[in-house]
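Note that numbering that gives the first Met the number 0 numbers the sequence shown so that position 173 is 172, with each residue one more than the last.
Think of the CB as a built atom: it goes at the ideal place given N, C-alpha and C, for glycine as much as any other residue.
These numbers come from a predicted model, not from an experiment.
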Amino acid sequence: MTLKDIFTGQVGKNNMDRKVFQLLTTLIVVLALFLVAGFLFPEAVSVILNVVWIILLASAAVFFTLGILVIIGMKREAGRVLDLLLEGALTFIDFLEFLKNVWKRFVDLLKEFLLFASPIFAYIAAFLVYVLLLYIYKTVGKSHDVTIMTVIITGAAMMGFGLLSKPQAEITIELTWKGQFQKRFKAGFIDGIEVILFIFFLTMDSTDLFFLPTDLNIPLKAEFSGYDLMVRSFVYDEHVITTLALIVTTISLEVLRNIIKIFASARKYYLNFSHELENFMGAKRTTMEMLKEAIRKSFNDAKRDLIKFVTFNTVLFAVFLLFPRLKLLTLAVASVTNLGLDLSIRSRLTARKGNDLIARILQKIFKL
């Protein structure tokens, strides 16, 4: 209910009752807050009450002054004082309206800033996730073998990232500010998490992280059936076959994932071709011809992503071969987890790969 509603008469009985109840509720809440503040901040409440008292005292003084003026025959002067008081009140209303507009503009600017800075907030949140993961991992590694912990963290991290970046249906409706903020924050958080996970697996065994306390910057122990996972990956010893098996397994799983995606996309094309053949008269095409064309179109669609995939994994293995074998284990676990996600979330198979941060970096470095 506004002043406009009151002056235009657009106030029904039910609406009026509801507004009166809301006003009474507000007054009760304000009084309750004053009582609580009186116990917690007695000096501040005392200052507020003194100001209110001075205002009431001044109002009473003006009231009696006007009465005295009328009694002694200065009715016209009393009217002028009332006119001045009215104009002052109207000016005060204008001032309140000005403050309201200033506040509204401030809120709009704040929303624009938050919307602009939402990716930065997302990157900060991703970095906090990185620090938390590192603290948990290093704390366990102080007194325990981290092989099982590495498998658990890798699987959980890849599964969480997969669910977070799960393909969503396109929304054509205009988003509210809250929806836009959530969309931009989520996009930035996904980019940040992708980079943070890479950095985490790269630095998980580091003993020189400046933001960690000294008792956590210690060498880790990771061993499985006599296979020391903390030895450099390219070292030639009696376990070199195991190292090669980890590499070949990871590459095979990644190639299998991409083949499945190509065939899933080819299946969509094949179903579209079959539908066109049933509903439109045209040249007859055999099943094998449609299947071959569907596979060609699917492969052409995926060719750019395949080049990025080969480039990224080549760089990844080249880097990780310089580090302990534990990192090769994380790649194998990540591949298994991603394969499981692809098979359980079918939309991942046919979704176009987004223009994520890793993809943009590869495009810029290698001119893909």
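What are the start and end residues of the alpha helix (DSSP H) that includes Ser343? Counting from one through the sequence shown, the residue named residue 343 turns up at place 344. Segment 325 to 343, the alpha helix (DSSP H) holding Ser343.
Hey, how far is the Cα of Arg183 from the Cα of Tyr129? Residue mapping note: residue 183 aligns to position 184 of the sequence shown, counting from 1. Residue mapping note: residue 129 aligns to position 130 of the sequence shown, counting from 1. For Arg183 and Tyr129, the distance between alpha carbons rounds to 20 Å.
Apply the 10 Å Cβ neighbour rule to Val125 and answer buried if 16 or more other Cβ atoms are within range, or exposed otherwise. Taking the sequence shown and counting its residues from 1, the one referred to as residue 125 is at position 126. Sequence check: residue 125 is Ala here, not Val. Result: buried.
With Thr138 and Leu215 assumed to form a contact (beta carbons below 8 Å), what rounded beta-carbon distance in angstroms separates them? The sequence position of residue 138 within the sequence shown is 139, counting from 1. The sequence position of residue 215 within the sequence shown is 216, counting from 1. That pair is a contact at about 7 Å.
Just the C-alpha distance for Gln21 and Leu85, rounded to the nearest angstrom, thanks. Here residue 21 is taken as the residue at index 22 of the sequence shown, counted from 1. Here residue 85 is taken as the residue at index 86 of the sequence shown, counted from 1. Roughly 28 Å between the two C-alpha positions.
Are Val44 and Phe33 touching if we call contact CB-CB under 8 Å? Translated into positions along the sequence shown, residue 44 becomes position 45. Translated into positions along the sequence shown, residue 33 becomes position 34. Yes, the Cβ-Cβ distance between Val44 and Phe33 is below 8 Å.
Closest to Lys291 by C-alpha separation, out of Tyr269, Ile306, Phe311, would be which residue? Position 292 of the sequence shown, counted from the start, is the residue given in the question as residue 291. The shortest C-alpha separation from Lys291 is found at Tyr269.
Please report the distance separating the alpha-carbon of Phe6 from that of Thr24. Within the sequence shown, the letter at position 7 stands for residue 6. Within the sequence shown, the letter at position 25 stands for residue 24. Only weak support is given to the placement of Phe6: the predicted model assigns it a pLDDT of 45, under 50, and the value that follows is read from those uncertain coordinates. When rounded, the distance between both Cα atoms is 24 Å.
Assuming Thr146 and Ala244 form a contact by the criterion Cβ under 8 Å, report the distance between their Cβ atoms to the nearest whole angstrom. Working through the sequence shown from its first residue, we reach residue 146 at position 147. Working through the sequence shown from its first residue, we reach residue 244 at position 245. About 16 Å separates the two Cβ atoms, so there is no contact after all.
Can you tell me whether Phe40 is buried or exposed? The criterion is at least 16 other CB atoms within 10 Å of its CB, across all chains shown. Within the sequence shown, residue 40 is the residue found at index 41, counting from 1. The residue in question, Phe40, is exposed, as its Cβ has fewer than 16 Cβ neighbours within 10 Å.
Would you grab the beta carbon distance between Thr206 and Ile217 for me? Rounded to a whole angstrom, and I think it's under 8 Å. On the sequence shown, residue 206 is found 207 positions in, with the first residue counted as 1. On the sequence shown, residue 217 is found 218 positions in, with the first residue counted as 1. Right, their Cβ atoms sit about 6 Å apart.
Going by the CB atoms, is the gap between Leu330 and Phe319 shorter than 8 Å? Within the sequence shown, the letter at position 320 stands for residue 319. Within the sequence shown, the letter at position 331 stands for residue 330. Yes. Within cutoff.
Taking just the CA atoms, how far does Tyr122 sit from Leu133? The count along the sequence shown starts at 1 and reaches residue 133 at position 134. The count along the sequence shown starts at 1 and reaches residue 122 at position 123. Taking the straight line joining both Cα atoms gives about 16 Å.
Alpha carbon to alpha carbon, what distance is there between Val29 and Val35? Locating residue 35 in the sequence shown gives position 36, counting from the first residue. Locating residue 29 in the sequence shown gives position 30, counting from the first residue. Their Cα atoms are separated by approximately 10 Å.
Alpha carbon to alpha carbon, how far is Thr336 from Leu26? Start at 1 with the first residue of the sequence shown, and residue 336 comes out as number 337. Start at 1 with the first residue of the sequence shown, and residue 26 comes out as number 27. Between Thr336 and Leu26, the C-alpha separation is close to 58 Å.
When you compare only the Cα positions, how much space is there between Gly72 and Phe91? Position 73 of the sequence shown, counted from the start, is the residue given in the question as residue 72. Position 92 of the sequence shown, counted from the start, is the residue given in the question as residue 91. Taking the straight line from one Cα to the other gives about 30 Å.
Could you please give me the residues that DSSP links to Phe223 through a beta bridge? Position 224 of the sequence shown, counted from the start, is the residue given in the question as residue 223. Looking at the DSSP assignment, Phe223 forms a beta bridge with Tyr226.
The segment 243 to 262 / the segment 297 to 311 touching (three or more Cβ pairs under 8 Å): yes
By how many angstroms is the C-alpha of Arg79 removed from the C-alpha of Met0? As a working mapping, residue 0 is identified with position 1 in the sequence shown. As a working mapping, residue 79 is identified with position 80 in the sequence shown. Confidence in Met0 is poor, its pLDDT being 49 and thus under 50, which makes the residue's placement too unreliable to answer from.
Any idea if Ala265 is buried or exposed, counting beta-carbon neighbours within 10 angstroms, 16 or more meaning buried? Position 266 of the sequence shown, counted from the first residue, corresponds to residue 265. Label assigned to Ala265: buried.
Leu196 and Ala155: beta carbons closer than 8 Å? What you label residue 196 is simply residue 197 of the sequence shown in a count that begins at 1. What you label residue 155 is simply residue 156 of the sequence shown in a count that begins at 1. No.
Can you name, in chain order, every residue of its own chain whose Cβ lies under 6 Å from the Cβ of Ser346, other than the five neighbours on each side? Numbered from 1 along the sequence shown, position 347 holds the residue referred to as residue 346. Within the same chain, Ser346 has close Cβ partners Pro166.
Given this structure, state the Cα-to-Cα distance separating Ala333 from Phe272, to the nearest angstrom. As a first step, residue 333 is located in the sequence shown; it is residue number 334 there, counting from the start. As a first step, residue 272 is located in the sequence shown; it is residue number 273 there, counting from the start. Whole-angstrom Cα-Cα distance: 36 Å.
If you measure between the beta carbons of Thr349 and Lys296, is that distance less than 8 Å? Along the sequence shown, one-based indexing puts residue 349 at 350. Along the sequence shown, one-based indexing puts residue 296 at 297. It is not a contact, given that the beta carbons lie outside the stated cut-off.
Cut-off 6 Å between Cβ atoms - residues of its own chain near Leu219, not counting five sequence neighbours on either side: Stepping through the sequence shown from its first residue, residue 219 is reached at position 220. Closer than 6 Å at the Cβ level, and outside the excluded window around Leu219, lie Gly140, Val145, Asp204.
Comparing C-alpha positions only, which one of Phe200, His143, Leu113 sits nearest to Trp176? Against the sequence shown, residue 176 aligns to sequence position 177. Answer by Cα proximity: Leu113.
Buried versus exposed call for Phe209 [16 or more other C-beta atoms within 10 Å across all chains shown]: Numbered from 1 along the sequence shown, position 210 holds the residue referred to as residue 209. It is exposed - the Cβ of Phe209 has fewer than 16 other Cβ atoms within 10 Å.
Cα-Cα, which of Leu325, Leu340, Glu253 is closest to Lys307? One-based indexing of the sequence shown puts residue 307 at position 308. For Lys307, the nearest C-alpha among the options comes from Glu253.
Pair within 8 Å by beta-carbon distance, Phe160 and Ile246: What you label residue 160 is simply residue 161 of the sequence shown in a count that begins at 1. What you label residue 246 is simply residue 247 of the sequence shown in a count that begins at 1. No, the Cβ-Cβ distance between Phe160 and Ile246 is not below 8 Å.
By the 10 Å Cβ neighbour count, where 16 or more other Cβ atoms means buried, how is Ala59 classified, buried or exposed? Counting from 1 along the sequence shown, the entry for residue 59 is found at position 60. Exposed.
Figure out for me which residue from Arg104, Thr241, Ile198, Leu211 has the closest Cα to the Cα of Ser224. For the purposes of this step, residue 224 is taken as residue 225 along the sequence shown, with counting starting at 1. Cα-wise, what sits closest to Ser224 is Thr241.
According to DSSP, Arg231 sits in a beta bridge with which residue or residues? Within the sequence shown, numbered from 1, the residue matching residue 231 stands at position 232. Paired residues: Pro323.
Start-to-end residues for the alpha helix (DSSP H) that takes in Asp93: Working through the sequence shown from its first residue, we reach residue 93 at position 94. Segment 74 to 140, the alpha helix (DSSP H) holding Asp93.
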